Amino acid sequence: MVTNMSERKTSVLRAAFLRSVPVMAGYVVLGIGFGILLRGAGYGVLWALAMSLLIYAGSMQFVGVSLLSGGASLLTAALTTVTVNARHLFYSISMIGRYQNARYKPYLVFALTDETYSILSDGAAPEGVDPDRYRLLVSAFDHVYWVTGSVLGSLLGSVLPFPTQGIEFSMTALFLASFTEQWLKTRDHVPALTGLLGTLACLLLFGARSFLIPAMLLITLVLTLLRGRRKGAAE
Amino acid sequence: MNLGHSAALVAVMAAVTMLLRFLPFLIFCAGKPIPPYVAYLGEVLPAAIIGMLVVYCLKDTAVAAAPHGAPEALAALCVVGLQAWKRNSLLSILSGTVVYMLLVQVVF
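Top line first, the protein sequences correspond to chains A and B. Residue 1 is where the first sequence starts when you use this note's numbering, and the numbers rise one by one after that. Residue 236 is where the second sequence starts when you use this note's numbering, and the numbers rise one by one after that.
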């Protein structure tokens, strides 16, 4: 019985680790980039550790470096954070059903980054593993990669053993693989196409600096208008 | 550099990020049934958001200048093709990334 229990724990640990591996390269490398940048602005390893542990939002932390070095006001920092991270509202709304009664919910919600979201939003935990523990472990593995990268970057500076140019594509690849997988698994491709084409339209219309919020509004609007369509199809 | 102000900035960034992540869960608190509209959004949003993130990641691709986004397009094709063929995310992601790194470091 005891072996059985520990075997099950190992298998959930293994499943979560394997699922989180694709995030590892991207997070460690981006984290290193963040650590280097922060050190360049005059903030050492404790700052890197604190920011990656507590904020845990990649693009916001890069923006945060310039807020820190420019001595921004607290109000500016708050408004910038709302703009850069508004998409997290969106992720949480879509996870309400799945996370509502989950164990470890506070940590799961805290650690819901873009990458963790893309891994966990399909709702499927591998067969035979405890879904709550699986989600906890995937979230925690990703968090550890990010913190480790940031600390390494701060400590090692720009001394890296191999040329890493282009490694940031691992994030794009992660989202592309998730997109393809969910496309193959579902019959209704309207939501996926709405997200892809709606965002593309907003990128062309509003430019690369400010398209994300219009895109989120447009996607929500289109999917809301299409709600009757799905209802009709289901009945 | 003012340490106190810097610490306050980090605290504000952390608190606002946390607030954004928790707000929807605070509004629809445990025990109450989830409104059908929100349940519907939970069903359709994930696919749309992943599509949004794909575009978000590729937003800075220089399509106008040479090589006209060719490394991105080829590596993306590799990821999508491998995923459709083998259905193994780790394999598609690592292969696509290596292809992209080779393309930007060696070829283009």
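Ideal placement from N, C-alpha and C gives every residue a C-beta, glycine not left out. Since this is a predicted model, take the numbers as computed values, not measurements.
6 angstroms CB neighbourhood of residue i in its chain, flanking five on each side removed
{"i": "valine 28 (chain A)", "result": "Tyr145, Gly149"}
{"i": "lysine 185 (chain A)", "result": "none"}
{"i": "glycine 232 (chain A)", "result": "Reliability fails at glycine 232 (chain A), whose pLDDT of 49 lies under 50, so the model's placement of it is uncertain and the value that follows must be treated cautiously. Answer for glycine 232 (chain A): no residue qualifies."}
{"i": "glycine 26 (chain A)", "result": "Ser170, Met171"}
{"i": "threonine 116 (chain A)", "result": "Ser139, Asp142"}
Proximal residues to residue i (C-beta, below 7 angstroms), its chain only, five neighbours per side dropped
{"i": "tyrosine 104 (chain A)", "result": "Asp132, Leu136"}
{"i": "aspartate 114 (chain A)", "result": "none"}
{"i": "valine 84 (chain A)", "result": "Ser59, Met60, Val63"}
{"i": "arginine 87 (chain A)", "result": "Leu212, Met216"}
{"i": "valine 298 (chain B)", "result": "Gly304"}
Extent of the continuous alpha helix (DSSP H) to which residue i belongs
{"i": "threonine 172 (chain A)", "result": "169-185"}
{"i": "leucine 264 (chain B)", "result": "Looking at the sequence shown, residue 264 (chain B) is not leucine but cysteine. Unbroken run through cysteine 264 (chain B): none, as it is neither H nor E."}
{"i": "phenylalanine 110 (chain A)", "result": "105-110"}
{"i": "asparagine 85 (chain A)", "result": "74-85"}
{"i": "serine 69 (chain A)", "result": "58-69"}
{"i": "serine 52 (chain A)", "result": "45-54"}
{"i": "glycine 143 (chain A)", "result": "According to the sequence shown, residue 143 (chain A) is histidine rather than glycine. 131-156 is the span of the alpha helix (DSSP H), which, as asked, contains histidine 143 (chain A)."}
{"i": "proline 126 (chain A)", "result": "Run containing proline 126 (chain A): none; DSSP gives neither H nor E here."}
Contact check, residue i vs residue j, beta carbons under 9 angstroms
{"i": "leucine 290 (chain B)", "j": "valine 190 (chain A)", "result": "In the sequence under discussion, the amino acid at residue 290 (chain B) is valine, which differs from the leucine named in the question. No, these two residues do not count as a Cβ contact at 9 angstroms."}
{"i": "valine 245 (chain B)", "j": "isoleucine 36 (chain A)", "result": "no"}
{"i": "valine 129 (chain A)", "j": "alanine 16 (chain A)", "result": "yes"}
{"i": "leucine 174 (chain A)", "j": "serine 118 (chain A)", "result": "yes"}
{"i": "glycine 33 (chain A)", "j": "glycine 153 (chain A)", "result": "yes"}
{"i": "valine 334 (chain B)", "j": "glutamine 165 (chain A)", "result": "no"}
{"i": "threonine 332 (chain B)", "j": "phenylalanine 141 (chain A)", "result": "no"}
{"i": "tyrosine 43 (chain A)", "j": "methionine 336 (chain B)", "result": "no"}
{"i": "isoleucine 284 (chain B)", "j": "tyrosine 91 (chain A)", "result": "yes"}
{"i": "leucine 89 (chain A)", "j": "proline 259 (chain B)", "result": "yes"}
{"i": "threonine 81 (chain A)", "j": "leucine 255 (chain B)", "result": "yes"}
{"i": "leucine 176 (chain A)", "j": "cysteine 202 (chain A)", "result": "no"}
Residue environment, residue i, which counts as buried when at least 16 other CB atoms sit within 10 Å
{"i": "alanine 48 (chain A)", "result": "buried"}
{"i": "proline 306 (chain B)", "result": "buried"}
{"i": "serine 324 (chain B)", "result": "buried"}
{"i": "threonine 172 (chain A)", "result": "buried"}
{"i": "cysteine 191 (chain B)", "result": "No information on residue 191 (chain B) is available, as it lies outside the stretch 236 to 343 that chain B covers here."}
{"i": "phenylalanine 343 (chain B)", "result": "exposed"}
{"i": "serine 121 (chain A)", "result": "buried"}
{"i": "leucine 204 (chain A)", "result": "exposed"}
{"i": "proline 226 (chain B)", "result": "The structure shown does not extend to residue 226 (chain B), since chain B is modelled only from 236 to 343, so the question has no answer here."}
{"i": "serine 251 (chain A)", "result": "Residue numbering for chain A in the displayed model covers 1 to 235; residue 251 (chain A) lies beyond these limits and cannot be assessed."}
{"i": "alanine 301 (chain B)", "result": "exposed"}
{"i": "alanine 242 (chain B)", "result": "exposed"}
{"i": "alanine 57 (chain A)", "result": "buried"}
{"i": "histidine 143 (chain A)", "result": "buried"}
{"i": "serine 20 (chain A)", "result": "buried"}
{"i": "alanine 310 (chain B)", "result": "buried"}
Nonlocal neighbours in the same chain, by C-beta distance under 8 angstroms from residue i, ignoring five residues either side
{"i": "cysteine 292 (chain B)", "result": "none"}
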